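So the protein lines, in turn, are chains S and R.
Under my numbering, the residues of the first sequence are numbered 3 to 338, in order.
Under my numbering, the residues of the second sequence are numbered 3 to 338, in order.
Input: a single structure, listed below in structure tokens.
Protein chains: 2
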Amino acid sequence: MRQVTLHDVANAIGVSAQTVSRVINQRPDVADATRVRVWETIRQLGYKPNIMARGLVSRRSHVLGVITLTLNDYFRSEVMTGLEKDARARGYACHLSFAKEDADDLPELVDSMLARQVDAIALLMPKRFVYPEFHVDVPVVSIAHLLDHPRAINVDVDNIDGAYQAIRYLLDQGHRTIGHITGPMDWAPAADRVEGARRALAEEQVPLTLRNYVESKDWTLQSGYEAACQLLEQLPDLTAIFCHNDWMALGAYRALREMGRRIPTDVSVLGYDDLPICQFMEPPLSSVRQPGEGLGQLMAQLVITAIDHAEAYRQDMLVPAELMVRDSVIAPSLTV
Amino acid sequence: MRQVTLHDVANAIGVSAQTVSRVINQRPDVADATRVRVWETIRQLGYKPNIMARGLVSRRSHVLGVITLTLNDYFRSEVMTGLEKDARARGYACHLSFAKEDADDLPELVDSMLARQVDAIALLMPKRFVYPEFHVDVPVVSIAHLLDHPRAINVDVDNIDGAYQAIRYLLDQGHRTIGHITGPMDWAPAADRVEGARRALAEEQVPLTLRNYVESKDWTLQSGYEAACQLLEQLPDLTAIFCHNDWMALGAYRALREMGRRIPTDVSVLGYDDLPICQFMEPPLSSVRQPGEGLGQLMAQLVITAIDHAEAYRQDMLVPAELMVRDSVIAPSLTV
């Protein structure tokens, strides 16, 4: 029996071969009814499309290589969801590899992806790392890690402005003795958030001294708890705490509870990420919201556009963060 | 200039071509020092391996297709981490696609993966769905969704036993009026956990009536909160609540707090998943732990083994859950 071809499928339905090809490549520009009919006919006739073989001819694999830290993080998981969704709508599949946190396996992962002929690479590696030679001849989109490369596309949430908004809000409420629980400073988002805080504080001539902050060793609840204990010791008269993520803010809630300090009456608390749990904390936690899924979609859109345009140039792009006000911040009490 | 080949790389270092090939395919059976030297030499000589082209010859793509619900879930994200880690150690890359929750795009996703020549498919789709014809000629490993297919590999956490342990523990503490907040019953884990609860209750001749449980519409904090409010209304004399996940237990915490019912003095609460946050809740939440990363590793191991063995047969496998006891459950007070 002769092998079934793409043209057999097209003829059986009475559409063009190009339409069948679009469906197989999951392009969005096909009517839903047509799409369903094409897949049904592919199954009925037993046609076996081979995108890989066609990739060898077109020199396109229609695969995006994604290298990420583990997705056990709300924001990163949202970015990945948006990225895959947009990539698929553009006919691209995602190859996923998890890198070690210190990124020392990154060169191997990149080379291995290139060996698998990915058309572009996306990096979700917010921790700073040293990558001596990033000589890849495909477009690369990176979040949080600024690549210095003529074809690199760097996107991120505007963490400087996000932290600026947070601290500006605390200052406007009247707080002057603010404690900071920062993420590990070798993570780009932590460094950016410290910079944003510094800018807001400078407007009121409030210095950011060593006494004012504790750098946590990771982003966990436990680290937030320990950092808050240390912060309350070194800055006992603080009236507000800004935490670089909501998990650490939750750890700080426990530390404050144990010390008998009421939130927000005695101490205001402000988080970052706007996790769904914020509304369920007692009191509900004010937090800075990051548009994870939108950022992922932007990454896919930019990098796939770059594949199709050889003249692509370096792009740096920031999306805004937004302060979500709930009940964990009030003006400092005068009697404290 | 002549194109650099795999043999040039092998000759430059003095290893066999097979060793170079093993490194490129990320097989684990190569010494670390050799691995580093091979990649360095590949970069120095400018060799461009093409796993895709070799796949056409060997009829192996060394790609695993993973179809999953979004990874914004602790357990699923852990499974994915374990799966990718183990797949990579066996020389396999992971292709990732997110399916819609009702899985009505699953046939398309599967066909599209097959068109990309994946060697096997892994499904992380815990919601029950109707898939009329799963006629794929590659091995499929599925979590939570039992595939009835001669080459299917079904793995899962033993949710029946997990819930049995949870309810047995509540019964042993003396609870007899137990409320249940279940996940949506079209999700396999929810149905299994109800079955496990029923078995434990039957041992004490305690019936599981309609008054005793509320089925939440999803797995969120908000649903848990609403379900707890309803449960307290229809079963006001309950002394314990078993929640099908920790997020819903957290929602129940808020509902109980608002009603002035103390945990665990007035009402004991037991969750499922053992999220990191359990230890930070007030009081720390007892919960049933699921081995997510281990389960993901098992999935990769089983399905890749099946690729290499044409005589593979259907396998059903369960891994055990474990009750983690903290402070949210005590014996019911006699005065209630």
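Glycine included, each C-beta is placed from N, C-alpha and C at the ideal position.
None of these values were measured; they are calculated from a predicted model.
- With the criterion set as a beta carbon lying under 7 Å from some beta carbon of chain R, the members of the region 61-74 of chain S are SER63, THR72, LEU73 and ASN74, in sequence order.
- Membership of SER289 of chain R in any alpha helix (DSSP H) is not indicated; the residue belongs instead to the beta strand (DSSP E) covering 288-291.
- Positions of the beta strand (DSSP E) runs, each at least 3 residues long and wholly inside the region 77-123 of chain R, are given as 95-100 in order along the chain.
- Between LEU8 of chain S and PRO51 of chain S, the gap from beta carbon to beta carbon is short of 9 Å.
- Per DSSP, the continuous beta strand (DSSP E) segment holding GLY273 of chain R begins and ends at 270-275.
- Nearest in C-alpha terms to ALA302 of chain R, of all of R:ARG90, R:ARG39 and R:PHE77, is R:ARG90.
- Inside the region 142-173 of chain R, DSSP marks whole beta strand (DSSP E) runs of 3 or more residues at positions 142-145 and 154-159, from first to last along the chain.
- Taking 3 residues as the minimum length, the beta strand (DSSP E) runs contained wholly in the region 182-221 of chain R are 215-217, in order along the chain.
- Linking LEU300 of chain R to THR72 of chain R through their CA atoms gives a straight-line distance of about 20 Å.
- When the alpha-carbon of LYS129 of chain S is set against those of S:PRO334, S:ALA190, S:LEU47 and S:MET326, the nearest one is in S:ALA190.
- The C-beta of ILE123 of chain S comes no closer than 9 Å to any C-beta of chain R.
- Between the region 241-249 of chain R and the region 239-251 of chain S, the count of Cβ pairs shorter than 8 Å is below three; the stretches do not touch.
- Under the Cβ distance rule, ASP34 of chain R does not count among the residues neighbouring chain S, no pair being separated by less than 9 Å.
- MET326 of chain S sits in a strand when the DSSP states are folded into three classes.
- Close to chain S, meaning a Cβ-Cβ distance shorter than 8 Å, are the following residues of the region 13-30 of chain R: ILE26 and GLN28.
- For LEU320 of chain R, the pairing in a beta bridge is given by DSSP as R:ASP158.
- A Cβ-Cβ contact shorter than 9 Å links ASN156 of chain S with ILE145 of chain S.
- By the CB criterion at 9 Å, MET250 of chain R and TRP221 of chain R fall inside the cutoff.
- Between TYR94 of chain S and the set S:GLN119, S:SER79, S:VAL216 and S:ASP194, the nearest pair of CA atoms involves S:GLN119.
- Across the region 34-51 of chain S, CB contacts with chain R closer than 8 Å involve ARG37, TRP41, ILE44, ARG45, LYS50 and PRO51, in sequence order along the chain.
- Sequence-distant partners of GLU324 of chain R (beyond 5 residues in either direction) whose C-beta falls short of 6 Å from its own C-beta, in its chain, are ARG291.
- Counted as a single uninterrupted DSSP element, the alpha helix (DSSP H) harbouring LEU234 of chain S occupies residues 223-236.
- Remark: C-beta atoms of ARG316 of chain S and HIS151 of chain S approach each other more closely than 9 Å.
- For PRO109 of chain R, the C-beta contacts it makes with chain S under 7 Å involve TRP41, in order along the chain.
- For the set S:GLY185, S:ALA154, S:ARG37 and S:GLY181, the Cα lying nearest the Cα of LEU203 of chain S is the one of S:GLY181.
- Boundaries of the alpha helix (DSSP H) harbouring VAL40 of chain R: 34-47, taken from the DSSP string.
- At a beta-carbon threshold of 7 Å, the residues of chain R lying near MET82 of chain S are LEU73, ordered along the chain.
- When the alpha-carbon of SER270 of chain S is set against those of S:GLN20, S:PRO334 and S:ALA19, the nearest one is in S:PRO334.
- Between the beta-carbon of ILE15 of chain S and that of ARG39 of chain S there is about 6 Å, and that keeps the pair under the 8 Å contact cut.
- A residue is called buried once 16 or more other Cβ atoms fall within 10 Å of its Cβ, and ASN13 of chain R, having fewer, is exposed.
- Here VAL6 of chain S carries a coil assignment [DSSP, helix/strand/coil].
- Residues of chain S with a Cβ closer than 8 Å to the Cβ of ASP10 of chain R do not exist; the shortest Cβ-Cβ separation is about 15 Å.
- The beta carbon of ILE279 of chain S sits closer than 9 Å to some beta carbon of chain R.
- Rounded to the nearest angstrom, the gap between the Cα atoms of ALA229 of chain R and ARG263 of chain R is 16 Å.
- Proximity of GLU228 of chain R to chain S, defined by a Cβ-Cβ separation below 9 Å, is not satisfied.
- Beta-bridge partners assigned by DSSP to ILE306 of chain R: none are found.
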